[in-house]
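As structure tokens, the structure follows; a few thoughts come after it.
Now the structure itself:
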């Protein structure tokens with residue numbers, strides 16, 4: 001008989017059958033299937049480019065290393081992590097398109113702490129600027145009005 005401590009620490013995998021029924025099994029059980037193993041080992045993130053996914057991974061790694069964030073932490077805890085704030089701000093200054101892709105990826109991947117951080121950085125950058133200054137800073141073409149058409 002297996003001890004209760006070995007069953008408690010096992011990772012569970014949820015499998016959904018074609019008729020919608022969900023089975024929760026030990027990872028070791030699911031990994032006996034080559035098909036299931038390949039689905040778990042290589043997860044497609046089709047809405048995120050490799051450059052942006054690399055930034056997301058970098059952010060998540062920094063969070064783990066600094067023990068600062070997970071998806072349940074509130075932004076105040078991340079706000080105090082100057083290395084993460086500097087990393088995000090430097091990215092904004094160096095590569096704005098990559099920064100905006102990072103915002104979209106954070107939303108798509110539902111990484112709340114990254115969404116909050118990037119939104120805060122963006123808010124700080126535009127705070128106090130006029131609409132004209134914002135359009136110049138971000139090279140936004142002024143949309144035409146109906147009167148101009």
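Residue numbers (UniProt numbering): 1 to 149. Quick reminder that beta carbons are idealized off the backbone N, C-alpha and C, glycines included. In this text the structure is predicted, and so the values were computed from the model without any measurement.
Do you know how far the Cα of residue j is from the Cα of residue i?
{"i": "residue 50", "j": "residue 57", "result": "10 Å"}
{"i": "residue 129", "j": "residue 121", "result": "14 Å"}
{"i": "residue 131", "j": "residue 91", "result": "23 Å"}
{"i": "residue 106", "j": "residue 34", "result": "31 Å"}
{"i": "residue 15", "j": "residue 60", "result": "26 Å"}
{"i": "residue 138", "j": "residue 30", "result": "48 Å"}
{"i": "residue 13", "j": "residue 25", "result": "5 Å"}
{"i": "residue 125", "j": "residue 40", "result": "39 Å"}
Given that a residue counts as buried once 16 or more other Cβ atoms are within 10 Å of its Cβ, and exposed if not, what is residue i?
{"i": "residue 17", "result": "exposed"}
{"i": "residue 28", "result": "exposed"}
{"i": "residue 42", "result": "exposed"}
{"i": "residue 115", "result": "buried"}
{"i": "residue 117", "result": "buried"}
{"i": "residue 46", "result": "exposed"}
{"i": "residue 94", "result": "exposed"}
{"i": "residue 22", "result": "exposed"}
DSSP has residue i in a bridge; who is on the other side?
{"i": "residue 22", "result": "16"}
If I follow the unbroken alpha helix (DSSP H) through residue i, where does it start and stop?
{"i": "residue 41", "result": "34-41"}
{"i": "residue 125", "result": "112-126"}
{"i": "residue 51", "result": "50-66"}
{"i": "residue 134", "result": "131-137"}
{"i": "residue 101", "result": "96-109"}
{"i": "residue 29", "result": "27-30"}
Do residue i and residue j have their C-beta atoms within less than 8 Å of each other?
{"i": "residue 62", "j": "residue 38", "result": "no"}
{"i": "residue 52", "j": "residue 98", "result": "yes"}
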